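Numbering (the numbering used here), first residue to last: 581 to 1062.
Quick reminder that beta carbons are idealized off the backbone N, C-alpha and C, glycines included.
Just so we're clear, the structure is a prediction, and the values are computed from it rather than from any experiment.
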Ligand code: HEC
Ligand code: HEC
Ligand code: HEC
Ligand code: HEC
């Protein structure tokens, strides 16, 4: 509610400023020009532009995603006039790709490196009449810079308003070597706690928006690209409707400095949850090539007839309950007869690492040291799910509490009824409710660690307890299964 009020406040200010600068078309009385009146020598005042400059900031980041449109078939026409940046497709259409996160084009961070195009910045148009900028977006300075065929008038107006009034001099505190000058960490922590931790967790590690080959957490991006981070916190994330815009919330310039400095202190890895996602499906989690052979131990059993990637998944041999043949996989199509790994939690890291490099059980050709360590960290904290989940698949949780957590954290992606995402790649359907009913052990793992190669929340990195996970599970078991 507060957010909406502040947003309309921002818009009012924009409209007021524009009204003060130019004529106000809506209030101007309609005057009939006598037919014999002399032609006016002055050009008529340009109509006032109205729109949402904050949406303009999102469009600048990635208008294709914001508008939900297809990428044009050809690269942007100006792209061919440079050779240094070898990207293709969508990237060639993003304003930020040519003009930079610092809005300074070749004179800023994109003056070198793989993003360099040599194109000009847009910082110099800050303060200019938005109508004039709008004309530039329609090709007034260069016909190849006409975006009106791919974007509607409102989107162009929003972009013009953003460029006119809402650019920010990031180099005021972000240095060329990506370090930050100044910034009060306590204040930055407070801004983060108030606006970010509900989704990203207190350490910023609850959401990984890349795969686990190089996990991308907030702390990672803040170090890797503080200018991009600054733009994203000011305007939000394209496609994530409820990630806030701090401009909208009225954060001060000094607080941006504090926040970015603080974000750089956050961790760039989270071994336990990364290990959990590797245990689930390491091939998907790190984006590895599909396996062309079965895992060598696979041939020592005949009951589970899967082939290829599945035969390499830790969970396929050791179970979602970590009990192998002594647990859920003691029968049924997933049965292999292989042992569980629940006892691993009491074993030293060296012994577990040795097992992961064992004969016919050697994963070191596929996983790097950090990933092997993550698996070990994960296994050292696995626990028996028996107190949480009963043999008949009912769970010992409080669905009322689970509903609150679901609404606050899962609904944005999965929808109120859990049916926004369908995980079944075949004929059937598999919603959150379906998998919660069929396999609560699997879901408990995913609530704790997240989903491999997706930006799904890892509950262990939220301020939640295992009982909270079970409560969520209890609630999603009440959602429709089909
Ligand atoms: C493929 C690269 C590319 C993309 C994508 C691109 N621009 Fe440009 N832009 C340029 C080039 C090159 C110029 C200089 C054009 C000229 O005057 O010849 C320019 C000029 C501008 C100018 C005028 C700057 C000045 O001082 O004259 C503005 C404003 C601008 N772009 C905004 C945008 C916005 C907003 C977007 C996203 C919708 C965008 N650009 C996308 C390459 C690009
Ligand atoms: C309502 C939930 C929510 C809130 C609140 C939120 N974010 Fe996000 N954020 C997300 C999601 C979801 C993604 C992943 C988006 C994706 O996959 O594109 C994300 C992505 C990001 C990214 C990465 C964007 C990229 O693609 O490089 C950054 C940086 C980020 N958030 C920082 C923050 C900061 C800092 C705050 C607080 C000022 C914040 N977020 C608040 C949900 C949120
Ligand atoms: C093809 C089936 C299979 C796959 C896939 C598999 N394992 Fe195993 N694992 C076994 C078998 C069988 C054993 C028993 C020891 C042996 O014969 O090597 C074992 C033993 C272990 C042990 C030692 C047991 C203990 O309690 O100390 C650990 C730890 C272990 N596996 C972890 C993993 C992890 C982590 C993965 C995924 C990277 C994985 N395993 C993938 C079959 C598999
Ligand atoms: C930022 C978006 C996002 C959020 C937030 C999110 N999820 Fe997901 N979730 C996904 C995506 C995307 C997939 C499916 C990815 C795929 O198809 O591999 C998924 C998959 C799942 C699956 C099924 C996995 C499978 O393979 O069977 C479950 C269960 C699930 N989510 C539960 C939850 C719960 C519970 C929450 C809240 C605690 C939650 N999700 C929050 C995006 C999200």
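Cβ pair residue i, residue j closer than 9 Å
{"i": "residue 842", "j": "residue 748", "result": "no"}
{"i": "residue 768", "j": "residue 810", "result": "no"}
{"i": "residue 641", "j": "residue 676", "result": "yes"}
{"i": "residue 682", "j": "residue 699", "result": "no"}
{"i": "residue 694", "j": "residue 666", "result": "yes"}
{"i": "residue 740", "j": "residue 710", "result": "yes"}
{"i": "residue 892", "j": "residue 921", "result": "no"}
{"i": "residue 639", "j": "residue 629", "result": "no"}
{"i": "residue 783", "j": "residue 948", "result": "no"}
{"i": "residue 859", "j": "residue 958", "result": "yes"}
{"i": "residue 895", "j": "residue 1022", "result": "yes"}
{"i": "residue 785", "j": "residue 825", "result": "no"}
{"i": "residue 805", "j": "residue 795", "result": "no"}
{"i": "residue 1071", "j": "residue 1013", "result": "For the chain, the structure presents residues 581 to 1062; residue 1071 sits outside this window and is missing."}
{"i": "residue 685", "j": "residue 678", "result": "yes"}
{"i": "residue 820", "j": "residue 634", "result": "no"}
{"i": "residue 744", "j": "residue 716", "result": "no"}
{"i": "residue 955", "j": "residue 965", "result": "no"}
{"i": "residue 781", "j": "residue 1043", "result": "yes"}
{"i": "residue 696", "j": "residue 664", "result": "yes"}
{"i": "residue 1002", "j": "residue 1009", "result": "yes"}
{"i": "residue 1050", "j": "residue 982", "result": "yes"}
{"i": "residue 1061", "j": "residue 779", "result": "no"}
{"i": "residue 803", "j": "residue 812", "result": "no"}
{"i": "residue 919", "j": "residue 898", "result": "yes"}
{"i": "residue 1064", "j": "residue 669", "result": "This structure gives no information on residue 1064, because the portion of the chain shown stretches from 581 to 1062."}
{"i": "residue 729", "j": "residue 714", "result": "no"}
{"i": "residue 830", "j": "residue 823", "result": "no"}
Opposing strand residues paired with residue i [DSSP bridges]
{"i": "residue 941", "result": "938"}
{"i": "residue 726", "result": "718"}
{"i": "residue 840", "result": "According to DSSP, which records beta bridges pairwise, residue 840 is partnered with nothing at all."}
{"i": "residue 1050", "result": "Bridge partners of residue 1050: none, in fact."}
{"i": "residue 975", "result": "969"}
{"i": "residue 852", "result": "According to DSSP, which records beta bridges pairwise, residue 852 is partnered with nothing at all."}
{"i": "residue 921", "result": "Paired residue(s): none; residue 921 is not in a bridge."}
{"i": "residue 713", "result": "For residue 713, which the question treats as bridged, DSSP gives no partner whatsoever."}
{"i": "residue 1027", "result": "According to DSSP, which records beta bridges pairwise, residue 1027 is partnered with nothing at all."}
{"i": "residue 552", "result": "The chain is shown from 581 up to 1062; residue 552 falls before or after that span and cannot be answered."}
{"i": "residue 754", "result": "760"}
8 Å contact criterion, which residue i and residue j should meet: CB distance rounded
{"i": "residue 962", "j": "residue 902", "result": "5 Å"}
{"i": "residue 865", "j": "residue 1033", "result": "6 Å"}
{"i": "residue 933", "j": "residue 968", "result": "Their Cβ separation, rounded to whole angstroms, is 29 Å, which puts residue 933 and residue 968 out of contact at 8 Å."}
{"i": "residue 857", "j": "residue 792", "result": "6 Å"}
{"i": "residue 636", "j": "residue 742", "result": "3 Å"}
{"i": "residue 851", "j": "residue 799", "result": "Incorrect: roughly 14 Å between the Cβ atoms, too far for contact."}
{"i": "residue 925", "j": "residue 960", "result": "5 Å"}
*On the three-pair Cβ rule with 8 Å, is the segment 1051-1059 touching the segment 969-981?*
yes
*Are three or more beta carbon pairs between the segment 1021-1036 and the segment 773-782 nearer than 8 Å?*
no
*When the Cβ atoms of the segment 980-997 are set against those of the segment 898-914, are three or more pairs found closer than 8 Å?*
no
*Hey, is the segment 868-885 in contact with the segment 832-846, meaning 3+ C-beta pairs nearer than 8 Å?*
no
_Inter-stretch contact (C-beta, 8 Å, three-pair minimum) for the segment 654-668 and the segment 719-733_ = yes
*Looking at C-beta atoms only, is the number of pairs between the segment 914-922 and the segment 882-892 that lie closer than 8 Å three or more?*
yes
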